[in-house]
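What follows is a short report on a single structure.
There are 2 protein chains.
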Amino acid sequence: MTRPRPERSAASQLAASGRRLTTPRKAVLEALGRADGPLTIEEIWEAVPDVGRATVFRTVKLLLELGLICRVVLENGSVRYVPATPDHHHHFICSGCGAVEEFQHPPIDEAIRTLAESAGFELSGHAVELYGRCRHCRAATPD
Amino acid sequence: MTRPRPERSAASQLAASGRRLTTPRKAVLEALGRADGPLTIEEIWEAVPDVGRATVFRTVKLLLELGLICRVVLENGSVRYVPATPDHHHHFICSGCGAVEEFQHPPIDEAIRTLAESAGFELSGHAVELYGRCRHCRAATPD
DNA sequence: CACAGTACTGAGACCTGGTATCATTTCGCC
DNA sequence: GGCGAAATGATACCAGGTCTCAGTACTGTG
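Protein chains in written order, with the working numbering: chain A, 486 to 628; chain B, 486 to 628.
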C-alpha cells in the first residue's frame, strides 16, 4: 500500500502537539470522509453514535486548528465542514445540490497579493467563496 | 445642498417596498455611520437606547436585504456590520485595529469570472475577505 | 506489571446570539 | 379624526456552542 492514508497524517499531526488520534476523533474524520458533501455539526454527531456532542464540537475545533478539515460558510451564513486538502484553496458552493468543490486558481491569489501590496496591507490570510450552480445542477434544470 | 444624504436613499429604498424609515431604523443607521469601525449587534444596541433588542435584529436584517449595510465576517467567525457603499466591493479587515476598508479590484472579479466559466459554474455571488494588518498598524508596531 | 500523570471523554448545565409571538403603538392616507 | 398596514418592545423561546467535572484511556517510567 503506497496510497497515503489520511489517518496516518492525522495521527502524526496530532502527535506533534502531544495529542492522540482517539476513537472518537477517527470516527469524526471518517464520517466527514464518507459524506459526499459538507456536514453540519449536527449531521456529524448523528453519523457518529456513541460520541458526545461536546466531543464532536471539541474535535471539530481541534481538526480545524490542525488544518485537517475546513470550515465552509454558506451564503445564508450557516457553517459546514469538509475534509481539507492541506494546500491553500478556495471553495465553490453549489446552491442547487449543496456540493462543495475545492479549487486553486493562482490568478486570484495573485490579484489579491497585488492589491494588498499596493494598498500597504500586510496580508495574513484571505477567504474566497463562490456561490452558484454547478455543472450538474445546470444540466438537470437548465434555465 | 447637493450632497446626497444617506437618509434620503434609505427612505426611498424602504418606500419602494412599502416600508417606512422610522425612528429606530434611522437610529441604527446613524449609529453605524457614527462608528469608526464595524459594530456587533450588541454594540449597535448599546448605541441605540430606547430601541428593543428584537428591533435591532429585525432592522439589521432588513437593512442587509436592502443593501444599505454590509455584513463583515471576521477571521474568527464573528460577524459585524458596516454601512455599505451600494457598489460591489470586498473587505480588508485589520487584525490590529479592527478597521474595515472596502475596496474594489476588477482583476479579482475578473479572475473569479474566468475561473467559474472554465469550470462550468453559474455564479450567483462571491465573497472575498482579506485579513491582515493595515498601514497604520504596521507603522505603529513594525516587525 | 504497577503506578503516576496527562490527554481525553460524556453528560449535562449553562451561556449567547438570534427568532417567534403578541399585544400595543405609530404612521400614511383618506 | 379615523382606519388599516407596518412597525415596535417585551418576553418567551430555540439552537449552536462552551464549560465543568467526575471518570476513563492511554503513555511512559521504574
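Built from N, CA and C at the ideal position, the CB exists for glycine as well.
Using a Cβ-Cβ cutoff of less than 6 Å, which residues in the same chain neighbour residue i once the five nearest sequence positions on both sides are dropped?
i, result
"L615 (chain B)", "F577"
"R510 (chain B)", "T544"
"T525 (chain B)", "R565"
"L548 (chain B)", "I554"
"G503 (chain B)", "none"
"E586 (chain B)", "F577"
"P627 (chain B)", "none"
"M486 (chain A)", "For M486 (chain A), the predicted model reports a pLDDT of 48, less than 50, meaning its position is unreliable; a value from the coordinates is still stated below. So no residue of the chain qualifies."
"A516 (chain A)", "I529, A532 and V533"
"A501 (chain A)", "none"
"Q498 (chain B)", "L551"
Taking C-beta to C-beta, are residue i and residue j nearer than 8 Å?
i, j, result
"G610 (chain A)", "E560 (chain B)", "yes"
"G617 (chain A)", "A601 (chain B)", "yes"
"P523 (chain B)", "V557 (chain B)", "yes"
"P568 (chain B)", "G605 (chain B)", "no"
"P592 (chain A)", "A539 (chain B)", "no"
"F588 (chain A)", "H575 (chain A)", "yes"
"R623 (chain A)", "E550 (chain B)", "no"
So with CB distances below 9 Å, who are the chain B contacts of residue i?
i, result
"Y616 (chain A)", "L608, S609, G610, H611 and A612"
"A625 (chain A)", "Chain B residues near A625 (chain A): none, gap ~12 Å exceeds 9 Å."
Leaving aside the five residues before and after residue i along the sequence, list all residues of the same chain whose C-beta is less than 7 Å from its C-beta, in chain order.
i, result
"V541 (chain A)", "V513, I526, I529, W530 and V533"
"G552 (chain B)", "A569 and P571"
"H621 (chain B)", "C582"
"A495 (chain B)", "L506, L514 and L553"
"A625 (chain A)", "none"
Which chain B residues are close to residue i, counting only those with a beta carbon under 8 Å from its beta carbon?
i, result
"F588 (chain A)", "L600 and A604"
"R620 (chain A)", "A604, G605 and F606"
"S580 (chain A)", "S609"
Against residue i, what residues of chain B qualify as contacts under a CB-to-CB distance less than 7 Å, listed in chain order?
i, result
"E560 (chain A)", "G610"
"A596 (chain A)", "H590, P592, I593 and A596"
For a contact defined as C-beta to C-beta under 7 Å, what are the partners of residue i on chain A?
i, result
"S494 (chain B)", "Within 7 Å Cβ-Cβ: nothing; S494 (chain B) doesn't reach chain A, min ~25 Å."
Please go through the same chain and pick out, in chain order, the residues whose beta-carbon is closer than 8 Å to the beta-carbon of residue i, but skip the five residues on each side of it.
i, result
"R598 (chain B)", "L608"
"H590 (chain B)", "H575"
"C619 (chain A)", "F577, C579, G581, C582, A584 and E586"
"D521 (chain B)", "A584"
Please go through the segment 509-591 of chain B and give each complete alpha helix (DSSP H) segment of 4 or more residues, from N-terminal end onward.
-> 526-532 and 538-551
Cβ-based contacts, 8 Å cut-off: residues of the segment 511-529 of chain A near chain B = none
In chain order, what residues of the segment 532-563 of chain B put their CB closer than 9 Å to some CB of chain A?
-> Taking a C-beta cut-off of 9 Å against chain A, the contacting residues of the segment 532-563 of chain B are R556, V558, E560 and G562, listed in chain order.
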